[in-house]
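2 protein chains.
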Amino acid sequence: MQNVRLGIIGVGNMGKGHIRYLQAGEVTGVTLVAVCDKLESNLKWAEEQLGEQVLRYADPNAMLDSGEIDAVLIATPHYSHPELSIACFERNLHVLVEKPAGVYTKQVREMNEAWEKTNVKFSMMYNQRTNPIYQKLKDLVDSGELGEIRRTNWIITNWYRTQSYYDSGSWRATWAGEGGGVLLNQDPHQLDLWQWTVDMMPKRVRAFCYFGKHRNIEVEDDVTAFVEYENGATGVFVTTTGETPGTNRYEVVGDRGKVVIEDGKLTFWRLRESETEFNKRFTGGFGSPECWTCEVPIVGTNPDHKGIMQNFVNAILHDEPLIAPGEEGIKGLMISNAMLLSTWLDDWVDMPIDEELFNEHLQKRIAESPNKGG
Amino acid sequence: MQNVRLGIIGVGNMGKGHIRYLQAGEVTGVTLVAVCDKLESNLKWAEEQLGEQVLRYADPNAMLDSGEIDAVLIATPHYSHPELSIACFERNLHVLVEKPAGVYTKQVREMNEAWEKTNVKFSMMYNQRTNPIYQKLKDLVDSGELGEIRRTNWIITNWYRTQSYYDSGSWRATWAGEGGGVLLNQDPHQLDLWQWTVDMMPKRVRAFCYFGKHRNIEVEDDVTAFVEYENGATGVFVTTTGETPGTNRYEVVGDRGKVVIEDGKLTFWRLRESETEFNKRFTGGFGSPECWTCEVPIVGTNPDHKGIMQNFVNAILHDEPLIAPGEEGIKGLMISNAMLLSTWLDDWVDMPIDEELFNEHLQKRIAESPNKGG
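These protein sequence lines map, in sequence, to chains C and A.
Residue 1 is where the first sequence starts when you use full-length UniProt numbering, and the numbers rise one by one after that.
Residue 1 is where the second sequence starts when you use full-length UniProt numbering, and the numbers rise one by one after that.
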């Protein structure tokens with residue numbers, strides 16, 4: 001294959017964004033050949049933008065069966081991601097799926113299992129993994145510069161949303177429509193980066209979610225979570241859509257120092273000698289290891305969505321390693337599922353979570369809700 | 001009275017510090033007339049520093065009964081604060097007590113009740129309440145500039161202590177000797193400021209303390225706590241003695257903006273219109289109220305210990321209002337007791353705490369410990 005023939009399912013806000021940079025030729029080795037959407041208005045928009053040569057479908061299966069495409073970008077509502085991905089895998093089509101991977105890990109696990117039986121490429125649209133500032137943090141962790149991780153702390157409260165935003169779609173912020181609130185809709189990137197940058201998943205989670213606290217919605221709009229990792233490290237994640245101007249501050253503490261990412265800047269406080277070694281040899285009572293404040297250069301800008309798209313295309317054409325392998329989408333989702341489940345049980349939740357139990361709780365909330373719009 | 005005759009109980013590190021500024025004449029209206037310590041070496045140090053005219057006692061009651069003093073500064077180990085304060089109150093002597101007020105709230109409540117029967121002045125040595133940066137935050141809250149409080153978040157991890165520090169005294173970091181770790185020894189100022197600046201005590205506490213996690217000690221050296229307030233606000237408090245360089249960052253979010261105190265600087269993000277009002281009237285989907293980043297001037301420096309001492313003396317002589325009334329010492333202590341109890345019970349703890357239950361747990365740990373040194 002020298003060129004990937006791409007189809008897009010979902011021509012909503014996200015789908016339109018992807019179409020724009022593809023149409024502008026900002027990704028090489030790929031041609032947009034087909035789009036699919038249930039809404040006539042979205043297909044009409046596509047026709048006006050793309051002309052007659054790009055095929056238009058109302059039925060995803062018709063597009064998948066057309067023989068005209070090699071790969072699919074899925075940009076539909078959250079719940080449908082696994083089902084549509086599986087339909088692609090069954091036809092041996094490569095898949096790039098928007099975040100989140102799905103709403104509950106049971107369906108995402110089935111998606112991952114379906115992919116394992118194929119030889120196609122499968123990627124998540126985690127377009128913050130291409131952000132050089134988070135790549136640099138991962139570099140400092142992976143290379144051992146930060147030492148063993150002791151603590152993580154992410155305050156991500158700059159997701160301000162008004163009631164007017166929530167009222168703009170009947171499916172918004174409902175259990176049936178989105179399956180969650182700030183954790184499912186706003187935080188998937190941070191939840192992914194939180195585990196990806198330090199290469200550790202929490203071992204257990206104790207979280208405190210509030211539902212419709214700041215807005216007239218039924219899902220969570222305010223969350224504080226505490227986690228423990230296998231190596232004894234602990235972490236805190238604080239998020240809400242109810243505050244402004246909000247904060248986006250990610251702190252990671254290791255045995256050899258501390259990193260803070262805030263306001264687009266990464267600062268590394270580097271211990272000349274690891275804390276463990278210093279503590280072992282020091283006999284002077286009060287004292288601490290020498291510490292250097294390092295401003296670490298962040299080279300380049302985030303290629304963002306088109307960076308992930310290019311990587312996906314290169315993976316198909318040249319077997320380039322994926323930046324955001326699709327099967328890793330379950331990780332951030334499991335953390336968010338665990339936070340909800342911990343709140344519902346008012347107790348600790350061990351990882352991996354009891355997927356059946358989570359789904360029972362979710363289905364119960366969907367059944368009890370007056371908002372059935374999908 | 002035109003001049004306060006002061007006696008000091010406890011000529012250890014803290015007591016010596018107080019003696020130095022008193023001897024230098026940095027507080028007016030007070031004369032140091034007596035000191036008391038069990039250790040001959042400390043009394044010898046006092047004799048060399050202060051000369052013969054300052055009386056020296058080994059027995060606190062002998063000093064309190066001498067008729068030579070009007071007021072007492074108590075700078076002894078934590079456990080003895082309530083008992084010594086009560087002895088002073090019984091003799092109608094004014095009391096200024098070092099932090100913490102005591103180790104468990106039951107004993108501190110008895111101290112407060114003994115004081116209520118007197119007409120003497122009673123103050124805590126909360127020398128961070130005189131820090132103009134925290135006074136400014138309190139001013140912004142009290143004056144309504146910040147609006148109703150939504151969230152507090154204090155990361156106070158710059159209390160690095162080595163094993164060598166803990167090994168420097170057999171009473172250090174033991175249940176019998178100090179009755180707690182980082183919460184009792186390092187954090188009392190922050191625990192007091194946390195409730196004083198926002199004028200709210202938590203309604204319930206869910207905390208995660210780790211005991212001897214970073215050092216070979218039996219008390220807590222790593223704590224993350226989550227709290228709920230009566231008005232629906234939430235808060236997080238993260239502290240440890242095991243990290244370096246550590247962080248001291250206090251964020252308070254209100255309906256009218258956000259304040260962050262870090263690196264000796266206070267920044268106020270001021271919403272021109274309250275979030276509540278904006279949300280009520282806004283119909284545009286995505287949007288947020290206009291926000292100004294304000295650098296608020298912090299005038300003056302912290303007079304610190306001598307500021308509290310001067311205030312205490314002025315209260316006695318001129319009825320000046322106390323900055324840190326003694327009966328408020330129970331507040332920060334109750335928060336720290338609640339954090340320990342929540343960990344021991346692995347559950348929520350409602351405020352005010354069950355004091356008997358806390359004390360039972362504490363006494364059990366003292367009984368089971370090999371470290372009985374007081």
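In this text, a Cβ means the ideal position worked out from N, Cα and C, and glycines have one as well.
For Gly254(C), there is no enclosing alpha helix (DSSP H); the residue is found in the beta strand (DSSP E) stretching over 248-254. Around the beta carbon of Glu113(C), fewer than 16 other beta carbons sit within 10 angstroms, so the residue counts as exposed. What Gln190(A) touches in chain C, judged by beta-carbon distance under 7 Å, is nothing: the nearest beta carbon there is about 16 Å away. Around the beta carbon of Lys117(C), a 10 Å sphere encloses fewer than 16 other beta carbons of the protein chains shown; the residue is thus reported as exposed.
Closer than 8 Å at the C-beta level to chain C, one finds these residues of the region 262-275 of chain A: Trp269, Leu271, Glu275. Annotated three-state conformation of Arg56(C) is strand, per DSSP. In the structure shown, Thr276(A) adopts helical secondary structure according to DSSP, grouped into three states. At least one beta carbon of chain A lies nearer than 8 Å to the beta carbon of Gln163(C).
DSSP places Met63(A) in the helix class (H, G or I) of the three-state scheme. Any Cβ of chain C closer than 8 Å to the Cβ of Ile335(A) would place that residue at the interface, and such an atom is absent. Identification of residues in the region 239-260 of chain A having a C-beta nearer than 7 Å to some C-beta of chain C yields Glu243, Thr244, Pro245, Thr247, Glu251, Val253, Lys258, given in sequence order.
Cys88(C) is bridged by DSSP to nothing; it lacks a bridge partner.
The region 253-331 of chain A is shown to contain whole beta strand (DSSP E) runs of 3 or more residues at 257-262, 265-271, 291-295, in chain order.
Ile156(C) carries a strand assignment under DSSP once its states are collapsed to helix, strand and coil. For Arg150(C), the C-beta contacts it makes with chain A under 8 Å involve Gly242, Glu243, in order along the chain. Between Gly177(A) and Ala75(A), the beta carbon gap of about 16 Å keeps them out of contact (Cβ cut-off 8 Å). Considering only Ser168(C), Tyr229(C), Arg56(C), Thr276(C), the residue with the shortest C-alpha distance to Gly284(A) is Ser168(C). Here DSSP, grouped into helix, strand and coil, assigns Ala225(C) to strand. Between Glu228(A) and Lys258(A), the gap from beta carbon to beta carbon reaches 8 Å or more. Going by C-alpha positions, Lys372(A) is about 16 Å away from Val103(A). Taking 8 Å as the threshold, the shortest C-beta distance from Ser168(C) to chain A falls below it.
Between the region 159-167 of chain A and the region 197-217 of chain A there are three or more C-beta pairs closer than 8 Å, enough to call the two in contact. The Cβ of Thr130(C) sits no closer than 8 Å to any Cβ of chain A.
Taking 8 Å as the threshold, the shortest C-beta distance from Val236(A) to chain C falls below it.
Below the 7 Å Cβ cutoff, chain A contributes Thr162, Ser164 as neighbours of Phe282(C), in chain order. For Gly17(A), the enclosing alpha helix (DSSP H) has its first and last residue at 13-23. Residue-level contact by beta carbon fails for Gly177(C) and chain A, as no gap is shorter than 8 Å. Nearest to Met1(A) by alpha-carbon distance, out of Met334(A), Asp142(A), Asp319(A), Lys331(A), is Asp319(A). Assignment of beta-bridge partners to Asp350(C) by DSSP yields Arg204(C). Taking CB atoms only, Ser288(A) has a neighbour in chain C less than 8 Å away. Ser123(A) sits in a strand when the DSSP states are folded into three classes. Lys280(A) has its alpha-carbon roughly 17 Å from the corresponding atom of Arg150(A).
Of the candidates Glu83(A), Asn61(A), Trp154(A), the residue whose Cα lies closest to the Cα of Glu251(A) is Trp154(A). Under the DSSP assignment, Ile133(C) falls in the alpha helix (DSSP H) whose first and last residues are 132-142.
Taking Ala225(A) as reference, the option from Thr28(A), Tyr134(A), Thr240(A), Gly232(A) with the minimal CA-CA separation is Thr240(A). In the displayed model, His94(C) falls within a strand according to three-state DSSP.
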